[in-house]
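Peer 1: Positions 790 to 1410 (our numbering) are the ones given, in order, by the sequence shown. Note that the Cβ used here is the ideal one computed from N, Cα and C, for glycine as well. I have a structure I would like to understand better, so I am pasting it below and will then ask my questions one at a time.
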Amino acid sequence: MLDISDIRRIQFDVLIIGAGGAGLSAAISASQDSKIRVGLVCKSLLGKAHTVMAEGGMAAALGNVDNRDDWKIHFRDTMRGGKMLNNWKMAEIHAKNSPKRVRELEHWGAVFDRTKKGLINQRNFGGHRYPRLAHVGDRTGLEMIRTLQDHGIHQGIDIQMECTALDILKDKSGKVAGIVCMYRETGEFIVFETKSLIFATGGAGKAWEVTSNSWEYTGDGYGMAYEAGAELLDMEFNQFHPTGMVWPPSVKGILVTEGVRGEGGILKNSEGKRFMFDYIPKKFANETADTEEEAARWLNGDKNARRPPELLTRDVVARAINAEVKAGRGSKHGGAYLDIAKERSAEDIKKKLPSMHHQFKILAELDITKEPMEVGPTCHYFMGGIKVDAETTMTNVNGLFACGEAAGGMHGANRLGGNSLSDLLVFGNLSGIKATEYSKNIGSIPKVDDNDIRKIIQGATSILLRENGNNPYLIHEELQKNMQYNVGIIRTKKEIENGIKEIDVLKSKFKDVKAPGSSQFNPGWHEALALRNLLISAESVAKSALIREESRGAHTREDFPSEREEWIKYNIINKKGKDGKMETAKILRTNPDKELKRIAHSKLNELEKEVKIDHDKLKVS
């Protein structure tokens, strides 16, 4: 029997897994109570979280550029972008609280771009009615992380870096009691005992072959939560960002921020045609320019002009590019051409998109002030995730909370660009507050069962001790190809079923995965440890996609090409059954608050009049 008496243990009241925007926000809010011991575990080095790759900005109805903006219109945009499948309460909380959280970030030192009046500047983005994205050039995520880090280290947060979480520990009653982790450099195991646990672990984009996601995004939170008994919600909604670079190879998968289109970038096919005018959905027709002349007027500041079709929601743009490629009108390397050089001066581009200009000139020898970019859809973001309560962010496992991309519900069937960064701030903050409340109410730390610790460590080390077995890199490669071609941006029943069969084969191979050598400096071992969570995430996506027989938002079924009204009633849940197999089922959605439903379905002109009245009343008061 494995002797675990020498394994180090550290106790916390609140422990956060993940140090991106959501994790840091949660840690900061939890640490406001000086009596609460707060810990933060990050898989990489502090400051290397994937949040830094978010470029365009954070959405908040500040009204600094267009004073007609309001939380109600932001909420309406979010619900429409999510095809009305969003958790209503989460969307409301997000829209109402985003301005406060952005101003708080500014108070902590974030250096936002400014309007001529000195206010936080805001830019246009796809799916947003007004210029709403507070930004720092095209490096907003980096500024967010820098600010949160600098503020957080002064709060007394205990930070454990390059530390991979393996599995959750629960007491006999089913409450969270801790988590087993492993230091990536040394292979040393450590047990964190805690009253509450917050997952801010991001998504699982590394399950696909072409992705914008960094190496950390292996579905760790999804896998661990699932194994602990939590439910996964609407995992079929995987956003393929419409403009990831497809050429040259040195920058393949790197995102071209939506800010490029917000600043006037246009999409053209191989024939030189600006094709997005051909793909305007009926529901967006009244709010979208239908001529290049009107689109140009909007770009030049005409408030009576409608938005260019390049700024339609991400799912619409991604499918349009995919359709042009399939029709033989794609770019030379299987995408479309995104051109801002003809719409903006070189000086403007360098000023407003400095990172874009610099990185492509250095990495791809491409000057975006002179040449178009070759772009196409790339796996980018999970709208689905761990099912949480909207007002507390707690899962159905007592003491387990989730926020950011790890949590499902906020974005519905499709996320609007810029909503993710403000989501991190709003629900990270809420998670920290509610986890603290929970921890104070339960008293002492629940008792950890040593046998559970032993089982987790033995499972991890068996990979090192196995003499014969399968290569983890090859399993991962096979999984990525399978998801890319069978559960990609366009799906069919036959393809999904083939994908599920292949996942079953890979699960069998995983049982015998090996990574011989020492526990120190062993990347093969780390790759193998990530596979379980990647496989759980992939299976959940595929089984959910098979059940949802319609096309909605980021989920497109070629055999069910339209939205079906009956499906708006359902979410899809995945959970671990008593037999250890994944159970997938559709569940009825909760009826929304009547007022929220009214706002979401209001005509834009009527809602704008209502908001004006609200603003006038506030001025008087």
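Which runs of the alpha helix (DSSP H) fall wholly inside the region 1020-1057 and span at least 4 residues, in chain order?
Peer 2: 1048-1051
Peer 1: Go ahead and pull the three-state DSSP assignment for T1373.
Peer 2: strand
Peer 1: Using three-state DSSP, classify D1403 as helix, strand or coil.
Peer 2: In this structure, D1403 counts as helix in the three-state DSSP scheme.
Peer 1: Using the Cβ count rule (16 or more neighbours within 10 Å means buried), how would you classify V827?
Peer 2: buried
Peer 1: I need the straight-line Cα distance from G926 to N910, nearest angstrom please.
Peer 2: Straight through space, the alpha carbons of N910 and G926 are spaced by roughly 10 angstroms.
Peer 1: Check whether the Cβ atoms of G1188 and L986 lie closer than 8 angstroms to each other.
Peer 2: yes
Peer 1: What residue range is occupied by the uninterrupted alpha helix (DSSP H) comprising T867?
Peer 2: Run containing T867: W860 to G870, per the alpha helix (DSSP H) assignment.
Peer 1: Taking its Cβ as the centre, do 16 or more other Cβ atoms sit within 10 Å of F1310, making it buried, or is it exposed?
Peer 2: exposed
Peer 1: State the CB to CB distance for the pair V1164 and G1124, rounded to an integer number of angstroms; the pair is presumed to be in contact (CB under 8 angstroms).
Peer 2: Correct: roughly 5 angstroms between the Cβ atoms.
Peer 1: Please name the residue in K1071, G994, T929 and I825 whose C-alpha comes closest to that of M1172.
Peer 2: G994
Peer 1: Do you know offhand how far K1071's Cα is from V1105's?
Peer 2: Rounded to whole angstroms, K1071 to V1105 spans 12 angstroms at the Cα level.
Peer 1: In three-state terms, what does DSSP make of D795?
Peer 2: coil
Peer 1: Under 8 angstroms, with one C-beta from each stretch per pair, do the region 1218-1227 and the region 1019-1026 reach the 3-pair mark?
Peer 2: no
Peer 1: Just to confirm before moving on: does the CB-CB distance between N856 and L908 stay below 8 angstroms?
Peer 2: no
Peer 1: In three-state DSSP terms, what is L1396?
Peer 2: helix
Peer 1: List the endpoints of the continuous beta strand (DSSP E) containing Q1412.
Peer 2: Here the chain comprises residues numbered 790 to 1410, so residue 1412 is not present and cannot be evaluated.
Peer 1: Pick from M842, K861 and D1293: whose alpha carbon is nearest that of L1393?
Peer 2: K861
Peer 1: Measuring straight from C-alpha to C-alpha, what distance separates A1411 and M1024?
Peer 2: As displayed, the chain neither begins before 790 nor continues past 1410, which places residue 1411 out of reach and without an answer.
Peer 1: Looking at the secondary structure, which residues open and close the alpha helix (DSSP H) in which L937 lies?
Peer 2: Counting along the chain, the alpha helix (DSSP H) containing L937 begins and ends at T929 to G941.
Peer 1: Quick one: give me the first and last residue of the beta strand (DSSP E) that S1144 is part of.
Peer 2: It is not in any beta strand (DSSP E) - S1144 instead sits in the alpha helix (DSSP H) that spans P1143 to A1153.
Peer 1: Since V980 is in the beta strand (DSSP E), which residue starts that stretch and which ends it?
Peer 2: F978 to F988
Peer 1: Apply the 10 Å Cβ neighbour rule to W1356 and answer buried if 16 or more other Cβ atoms are within range, or exposed otherwise.
Peer 2: buried
Peer 1: For R918, does the three-state DSSP call read helix, strand or coil?
Peer 2: coil
Peer 1: Using the C-alpha atoms, what's the distance from N1218 back to E763?
Peer 2: This structure does not reach residue 763, given that the chain is present from 790 up to 1410, and the question cannot be answered.
Peer 1: Around the C-beta of D802, are 16 or more other C-beta atoms found within 10 angstroms, so that it is buried, or is it exposed?
Peer 2: buried
Peer 1: Are the CB atoms of G1288 and M1272 within a distance shorter than 8 angstroms?
Peer 2: yes
Peer 1: Rounded to whole angstroms, what's the CA-CA distance from F1149 to C831? Just pull it up for me.
Peer 2: 29 angstroms
Peer 1: By Cβ distance below 7 angstroms, which residues in the same chain neighbour D1348 in space, the five residues on each side in sequence not counted?
Peer 2: The answer, listed in chain order, is T1281 and K1282.
Peer 1: Judging by CA-CA distance, which residue of D1382, K1367 and K1358 is the nearest neighbour of K872?
Peer 2: Nearest of D1382, K1367 and K1358 to K872, Cα basis: K1358.
Peer 1: Let me know the alpha helix (DSSP H) ranges lying completely inside the region 1296-1358, each 4 residues or longer, listed in chain order.
Peer 2: For the region 1296-1358, the continuous alpha helix (DSSP H) assignments of 4+ residues that do not extend past its boundaries occur at 1312-1336, in sequence order.
Peer 1: Could you tell me whether the Cβ of A848 comes closer than 8 angstroms to any Cβ of chain B?
Peer 2: Among the chains in the structure shown there is no chain B, since it carries only a single protein chain.
Peer 1: Using the rule of at least 16 other Cβ atoms within 10 Å of the residue's Cβ for burial, across every protein chain shown, is H863 buried or exposed?
Peer 2: With 16 or more Cβ atoms within 10 Å of its Cβ, H863 is classed as buried.
Peer 1: What is the rounded straight-line gap between the Cα of M1034 and the Cα of I1043?
Peer 2: For the pair M1034 and I1043, the Cα-to-Cα distance works out to about 5 angstroms.
Peer 1: Applying the 10 Å Cβ sphere with the 16-neighbour rule, what's the burial state of R921?
Peer 2: buried
Peer 1: Can you tell which of W1314, T867 and V891 has the C-alpha that lies nearest to the C-alpha of L1101?
Peer 2: T867
Peer 1: Unbroken beta strand (DSSP E) runs of length 3 or more, entirely within the region 1061-1141: which are they?
Peer 2: 1125-1128
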